[in-house]
Structure formats: structure tokens, C-alpha cells
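Sequence lines, in order, name chains A and B. Residues 295 to 615 (the working numbering) are what the first sequence spells out, left to right. Residues 277 to 608 (the working numbering) are what the second sequence spells out, left to right.
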Amino acid sequence: MLPTLHVDNLNVNFTQRATAIAAVRQVSLSVWPGECLGVVGESGSGKTQVFMAVMGLLAGNAVADGSVRFGVEEILGLDREHLNRIRGSKLTMIFQDPMTSLTPHLKVGEQLAEVLVCHAAMSWSEARVAARRMLERVRVPEAQHRMNQYPHELSGGLRQRVMIGMSLLCDPALVVADEPTTALDVTVQAQIIELLRAVRAEVGMSLVLISHDLAVVAGLADRILVMYAGRIVESAGAAELFRQARHPYTTELLKCIPSLSGPRLERLPTVRGQPPRAADELAGCAFAPRCARVAERCRVERPLLQEGGNGAAVACHYPLP
Amino acid sequence: MSELAAMNAGSSLEPLLRVNDLKVDFGSRAALHDVTFDLFAGETLGLVGESGSGKSTLARAILRLLRASTGSVSWRGRDLLSCGPGALRELRRDLQIVFQDPLASLDPRMTVGESIAEPLRIFESRLTATARGARVGEMLQRVGLAADMMGRYPHEFSGGQCQRIGIARAMILRPRLLICDEPVSSLDVSIQGQIVNLLLDLQRDDGTAMLFISHNLAVVRHLSHRILVMYSGTLVEIAARDALFAAPVHPYTRALLAAVLPPLPVARNAAQPAAFSPAMAAESPATTPPGGCAFRERCGYALAVCANNVPMLEYVAAGHQVACHRAREFIA
Numbered sequence: 295m296l297p298t299l300h301v302d303n304l305n306v307n308f309t310q311r312a313t314a315i316a317a318v319r320q321v322s323l324s325v326w327p328g329e330c331l332g333v334v335g336e337s338g339s340g341k342t343q344v345f346m347a348v349m350g351l352l353a354g355n356a357v358a359d360g361s362v363r364f365g366v367e368e369i370l371g372l373d374r375e376h377l378n379r380i381r382g383s384k385l386t387m388i389f390q391d392p393m394t395s396l397t398p399h400l401k402v403g404e405q406l407a408e409v410l411v412c413h414a415a416m417s418w419s420e421a422r423v424a425a426r427r428m429l430e431r432v433r434v435p436e437a438q439h440r441m442n443q444y445p446h447e448l449s450g451g452l453r454q455r456v457m458i459g460m461s462l463l464c465d466p467a468l469v470v471a472d473e474p475t476t477a478l479d480v481t482v483q484a485q486i487i488e489l490l491r492a493v494r495a496e497v498g499m500s501l502v503l504i505s506h507d508l509a510v511v512a513g514l515a516d517r518i519l520v521m522y523a524g525r526i527v528e529s530a531g532a533a534e535l536f537r538q539a540r541h542p543y544t545t546e547l548l549k550c551i552p553s554l555s556g557p558r559l560e561r562l563p564t565v566r567g568q569p570p571r572a573a574d575e576l577a578g579c580a581f582a583p584r585c586a587r588v589a590e591r592c593r594v595e596r597p598l599l600q601e602g603g604n605g606a607a608v609a610c611h612y613p614l615p
Numbered sequence: 277m278s279e280l281a282a283m284n285a286g287s288s289l290e291p292l293l294r295v296n297d298l299k300v301d302f303g304s305r306a307a308l309h310d311v312t313f314d315l316f317a318g319e320t321l322g323l324v325g326e327s328g329s330g331k332s333t334l335a336r337a338i339l340r341l342l343r344a345s346t347g348s349v350s351w352r353g354r355d356l357l358s359c360g361p362g363a364l365r366e367l368r369r370d371l372q373i374v375f376q377d378p379l380a381s382l383d384p385r386m387t388v389g390e391s392i393a394e395p396l397r398i399f400e401s402r403l404t405a406t407a408r409g410a411r412v413g414e415m416l417q418r419v420g421l422a423a424d425m426m427g428r429y430p431h432e433f434s435g436g437q438c439q440r441i442g443i444a445r446a447m448i449l450r451p452r453l454l455i456c457d458e459p460v461s462s463l464d465v466s467i468q469g470q471i472v473n474l475l476l477d478l479q480r481d482d483g484t485a486m487l488f489i490s491h492n493l494a495v496v497r498h499l500s501h502r503i504l505v506m507y508s509g510t511l512v513e514i515a516a517r518d519a520l521f522a523a524p525v526h527p528y529t530r531a532l533l534a535a536v537l538p539p540l541p542v543a544r545n546a547a548q549p550a551a552f553s554p555a556m557a558a559e560s561p562a563t564t565p566p567g568g569c570a571f572r573e574r575c576g577y578a579l580a581v582c583a584n585n586v587p588m589l590e591y592v593a594a595g596h597q598v599a600c601h602r603a604r605e606f607i608a
């Protein structure tokens, strides 16, 4: 089987005030047809930049190298004209803030219809009908009325529903959702996750779900990648990862999530120290300064991502059993 | 101190802060409606609600960073809203705030030492520069940073470190009340715990009371003695922590608790909000007509009375207040 997306040895470097900052380092991953891949990590871990490179949306001062194959086609470094044949139709992205990703001066219906006019060669009248149907599919109440509203007239949750609808208009093979619920309130967040779950079941596209919040990813992902300091440090099936994470960073991160159930703690669990800054290049494991299991070898020799059994992989010299 | 405060809550003991029928209007729109609660010395009061519910407006109105329309805020028996600039200045010494975005709340052109020293320059102006420097160094150590970092600028620090600096600046005068407005919301999860633990340590050492504003119920649960739940500018439920999490009464509180995603998928099936979610409409209507309960159009339990009469906060048990016409049914 051919993966929907295959990223091979991707590096993303930013140049800032004449210094190079490595945001993504030697990342390889595949997204399989119909799969939901969760990508988790803290801010600065590179999780978003991997997919900005995939989408051809990196900032002007960033350079990517490596390979990104969408189906059989190499798309890294593709020019805008060629990229736009697939981007926005077969390969789409949902962002954290739907307000800034919708055009403020265009009615919602026009924005949705435009996608179909451009990518699916529909007439405007056909496109408007299809756009309204899509709003109904993503459970936007009073769809016809919403078609004539501007983005600022909608609540954050509704705007995100519109964005999800827009991303699905051209039957995408892959939707990348970057923190799709982070800007939303907790009750709305639960509803958007439910919608993504339902849409996945109906459409069957592949979904990449990027989040700092393991709980958001937990509800949807089949497989999870954990990133730290620009690298993938662990990859495993979702159930497997939550049952028995092997990288010390993953286990610490899981421990840190405060819970509503379970005993109330006098002190919250923490990961000691600070996340590394992207400009720092460490000789050994990037997590070594914060790791409770650190040994001398960790400080001098970088652990490689090693495949274990059942498709899981971990980058640690002394992984948990 | 804290256990005592918890016992005092709801008793006749004089509160540190008494907010009474506080109302704030933004133009013709009311941002806060008749907010009433007490906060006792040494107590941590959690304030939860969705964005736009009025949490930060309440914090700012208490500190007079914005003007209340009606109502009163009394601080140890003195009216904060009507006192003159001189008295207000003295009172502010006792009331400090930590904001959500740690970097934005520090002056980028001041060294962090200067930022932390600023309250001392204002309120303890007789201190010599050397004594001030010593106090700043000591405070930096208390928040887990090195004293020799005081000459650096905010951009040289990470988000978590900047929040420590913001806390140092707020705590250097040993205030009696620290208002924390989403202090960990912009921080990574591995750092959140560090900041919450730091606040708990400082509170234990100084006996500071806290009003802790957050949309994260799990964080609030871990550090609050009592919890206020706000919806659309109104307090809909006030209860001791354990009572609120074990037996929430207001339909909004229950929806809010049910919507929290369990951190582990193992617990997912057991705790899915499915059982409760039909009670809550997907989207709040853009405008709920005035009068009646603000939550009624999203509430699965609304009756005719909910559209006609505004429910008042009433005691349903000792220390447990709910603003819902059907509260008694939900307890039974």
C-alpha cells in the first residue's frame, strides 16, 4: 500500500539575525490511507513546521530539505502553480484560529463556493448549492442563513465548523488539522472533536491532528508521534502509547496532565527544567538535561529512532520497558 | 491557614474581599451582572468559565483597572470603588495581579530586575538601591531563578521563566491578595505544574489569598478551596471544591465538567459526555433576549419560568449556592 503522505528525512532551518535555527531535524513519517495520525509536542518542538513544510507554507526565512511525497508526487519545493493544484483541494489544512484563516470581507457562502469554482470547475450556482450542503454536513445550524453571513458574525465554534467544511469540499486525501480546538472553549472543543470523528467516519480521508494537548489527540488518533526539540522521539499506536509509553519524555508528559478524576494532589507533577531553545544544538539527547533516567552516554551520543516491535519506535538509549 | 480559611468560608467572619452586586457595562451591554461573593484571608478561590464569560472583567473591576457601573467592592471593610487616589494607591499594595501572557506584561526595555524592583520604588521609596537589589535577588530565588539574572531582559527568558518574573514582581510587596488571570494558560503542560506549585509555595509562606482565574477545571481543582462558576457575566454556582466536583448542580457546571476530555483514552468510554451533551445546544445563540436565565437557550432543562425570571444565587446546602430555578430538583 502506498502511503497518502510520506515525509523522508525532512529538515527545516530558519535564518534569524544571521544565525541558523533548526526547527525540524531529520523527520521521517508516513500517513496511511484512512489513518488519523496524532502529532504531539510542546511549543517549539517543530510539530507545526513539519506540516507547514508539507503544505509549502513555510515563512520566507525558512529552508526545507528532504522529501515530501503526496501519493506518488514529490511536492517539496514544488512551485506555487503546481502546488495549488493539490493544496486546498486534495491536501487541506485547518488552523487554530478560524478567524484569521477565513477572509473577513467575504460571505461564508462565497468563500466555500470559490473553492469549488477554482478546484472543481463548478459554476457559481452549482458551487453555492454544494457549499450549503457541506455546511449541513458539518452540522452548521441554519446553513442557508449562515451562507450570507460574514466570518465575524459567527461564534468561534461555528467558524471552525466552516473551516472543517471548507477543507472537505474537494474530497481531500489528507486533512491536516493544526490545534483545531485550542482557541475554543472546553464545551465547544468537545463538539468539534466529535465532528472530526464523525466526518472521518463518513469521508474516510486521512487526518493529521497536531496538538499540544494529549487529551485532544487521544480521542481521535490511531497512531501518535511525539516530538521534542525538532525530532520525533516516540511513535506508537495510540492505545499502546497511553498504556505504556517508552520514552521518558512521553511518560513525564502524560504524568503532567492534571486530571478531574483521581486523587487531588498537593503538588502538580512537573517535568523539571526548561524546554530547549531551537537555537541550542546539543551533542547528545535533547531531553537529557531534564531526564530522570539520564546517563553519561545520553549527553554525548544522540539516540536514533529505533523500531521496536509492532511498528512502534523510540529514540532513547534507555527506554522504559 | 488554608484549612482555617476553608472553614471560615460561608461563616460570619469578616472577609478580606467582599464583592456585592457588582455590575460592569460595556456601552449598552452588561459584561457583569450583580456579582456577589466573599473571599477570606489565606483562601484560594477558583473562578472558571468560558472565554467572554466575564472572568477577566471581574478581576479588572475589583482592581479598578476598569470602572464598575454599580455595586461595591470592599477590601477589609473599606470601599475600593469610591476611595480617592491616595487611598487606592495604598490599597493596591495589598492587591496584586499576574496576567496570562508573561512576556507581554513585562516592559521589554527594562531589565527583569528593574521590573521586579518597580513596586518597591513606588511603595518603599526609602529603600536604598543596595537594599532594593538585595530584595529583588531574594525574590528571584524564591521564584526559582538565580539572583544574578536580574540584569537580563525579558526576551532572554522562556515563557515559564517570564511568568516566574511576573509572579516575583507581584509578590515582592507581600500582598494579601494575588489575582491570577489565566497564569498558566499560555504555558506548555510540562511547565504549568511548575508555576502552579510555585504559587502554592508562595501562598503557604506568605499566607496570601488568591483569586485564580482559569478555563482549565483540572488545574483549578488542584489548588482551590472554593470555586466560582461564571456564565455570561453571572455567577451561576459557588461551592467548596469537593462539593462542586462531586455534585455539581447548575446544568452549565455539569455540562462544563462533562466536556473536559479525559487525559487518557482508557477512561474515555466511561467519561464521555454523551449522557449529558443533549442537554447542551451546540452553539450559544448570538443574542439571548434579556430577562430570564442567560443559559436557558443552551440548557436542556429550561422551563417557561427560565425565560421570564432571572434566577438568583441561593443556598442549596451549607456553603453551596446555585442560580437555577430547578436547582432543588437536581439535588433531590
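Backbone N, C-alpha and C fix where the C-beta goes; we use that ideal spot for every residue, glycine too.
Check: Nearest-angstrom Cβ-Cβ length linking A/GLY332 and A/LEU514, presumed shorter than 8 Å; Outcome: 7 Å
Check: Helix, strand or coil at B/LYS299 according to DSSP, with G and I counted as helix; Outcome: strand
Check: Residue-chain proximity (B/GLN439, chain A), Cβ-Cβ < 9 Å; Outcome: no
Check: Per-residue contacts from B/PRO384 into chain A (C-beta, under 7 Å); Outcome: Near B/PRO384 there are no residues of chain A at all, since even the closest Cβ is about 16 Å away, more than 7 Å.
Check: Short CB-CB distance (under 9 Å) between B/ASN585 and chain A; Outcome: no
Check: Extent of the continuous alpha helix (DSSP H) to which A/PRO439 belongs; Outcome: The amino acid at residue 439 of chain A is misidentified as Pro; the sequence shows His. That run of the alpha helix (DSSP H) goes 437 to 441.
Check: Spatial neighbours of A/PHE434 in its chain, beta-carbon cut-off 8 Å, leaving aside the 5 residues before and after; Outcome: Position check: residue 434 of chain A holds Val in this sequence, whereas Phe was assumed. So the list reads ARG440, LEU452, ARG455, VAL456, GLY459, once near-sequence residues are dropped.
Check: Through-space distance from B/GLU432 to A/ALA606, alpha-carbon basis; Outcome: 37 Å
Check: contact_flag[the stretch 422 to 432 of chain B, the stretch 458 to 467 of chain B] where n(CB pairs < 8 Å) is 3 or more; Outcome: no
Check: Residues near B/LEU364 in its chain [Cβ-Cβ closer than 8 Å; skip 5 each side]; Outcome: ARG340, LEU356
Check: Inter-residue spacing [alpha-carbon to alpha-carbon] between B/ARG497 and A/VAL402; Outcome: 40 Å
Check: B/GLY347, DSSP secondary structure in three states; Outcome: strand
Check: Chain A contact residues for B/HIS498, given Cβ-Cβ distances below 7 Å; Outcome: PRO552, ARG558, LEU559, LEU562
Check: Neighbouring residues, chain A, relative to B/GLN417 (Cβ below 9 Å); Outcome: Neighbours of B/GLN417 on chain A: none; closest Cβ ~17 Å, over 9 Å.
Check: Interface residues of the stretch 462 to 490 of chain B facing chain A [CB-CB below 8 Å]; Outcome: ASP464, VAL465, SER466, ILE467, GLN468, GLY469, GLN470, VAL472, ASN473, LEU476
Check: CB-CB length for B/VAL512 against B/ILE607, believed under 8 Å; Outcome: No, B/VAL512 and B/ILE607 are not in contact; Cβ-Cβ is about 15 Å, not under 8 Å.
Check: Minimum Cβ-Cβ distance from A/ARG311 to chain B less than 9 Å; Outcome: no
Check: Interface flag, B/GLY442 vs chain A, CB-CB below 9 Å; Outcome: no
Check: Closest residue to B/GLU605 among B/ALA405, B/ALA335, B/VAL349, B/TYR577 (Cα-Cα distance); Outcome: B/TYR577
Check: Neighbour-count burial assignment, A/GLY603, 16 or more Cβ in a 10 Å radius; Outcome: exposed
Check: Heavy atom of the ligand SAM within 8 Å of A/GLY371 beta-carbon; Outcome: As far as ligands go, the structure on display features none, and thus does not contain the ligand SAM.
Check: Residue closest to B/ASP518, alpha-carbon to alpha-carbon, out of A/GLU447, A/LYS384, A/SER555; Outcome: A/SER555
Check: Three-state secondary structure assigned by DSSP to A/GLN568; Outcome: coil
Check: Proximity test, Cβ basis, 9 Å: A/LEU340 and chain B; Outcome: Per the sequence shown, the amino acid found at residue 340 of chain A is Gly instead of Leu. Not one chain B Cβ lies under 9 Å of A/GLY340.
Check: Residues near B/SER332 by beta carbon distance below 6 Å, same chain, minus five either side; Outcome: ASP457
Check: Residue closest to B/ALA516, alpha-carbon to alpha-carbon, out of B/ALA593, B/ILE338, B/VAL472, B/GLY469; Outcome: B/ALA593
Check: Candidates A/ARG491, A/ALA512, A/ALA523, A/LEU535: closest to A/VAL432 by CA position; Outcome: A/ARG491
Check: 9 Å Cβ cutoff, B/ARG544 in contact with chain A; Outcome: Summary for B/ARG544: the model assigns pLDDT 43, below 50, so the residue's position carries little reliability, and this model does not support an answer.
Check: Inter-stretch contact at 8 Å, needing at least 3 Cβ pairs: the stretch 369 to 377 of chain A / the stretch 394 to 411 of chain A; Outcome: no
Check: Cβ-based neighbour list, B/SER278, same chain, cut-off 6 Å, excluding 5 preceding and 5 following; Outcome: Low confidence applies to B/SER278: its pLDDT is 47, below 50, so where it sits in the model is not reliable enough to give any reading.
Check: is_contact[B/LEU493, chain A] using C-beta, thresh 9 Å; Outcome: yes
Check: Residues bridged to B/HIS596 (per DSSP); Outcome: B/ALA593
Check: One or two residues paired with A/ALA609 in a DSSP bridge; Outcome: For A/ALA609, which the question treats as bridged, DSSP gives no partner whatsoever.
Check: Inter-stretch contact (C-beta, 8 Å, three-pair minimum) for the stretch 544 to 551 of chain A and the stretch 508 to 525 of chain A; Outcome: yes
Check: Cα-Cα separation, A/ASN378 to B/LEU396; Outcome: 58 Å
Check: Closer than 7 Å at the beta carbon, the chain A residues around B/VAL536; Outcome: VAL480, LEU554
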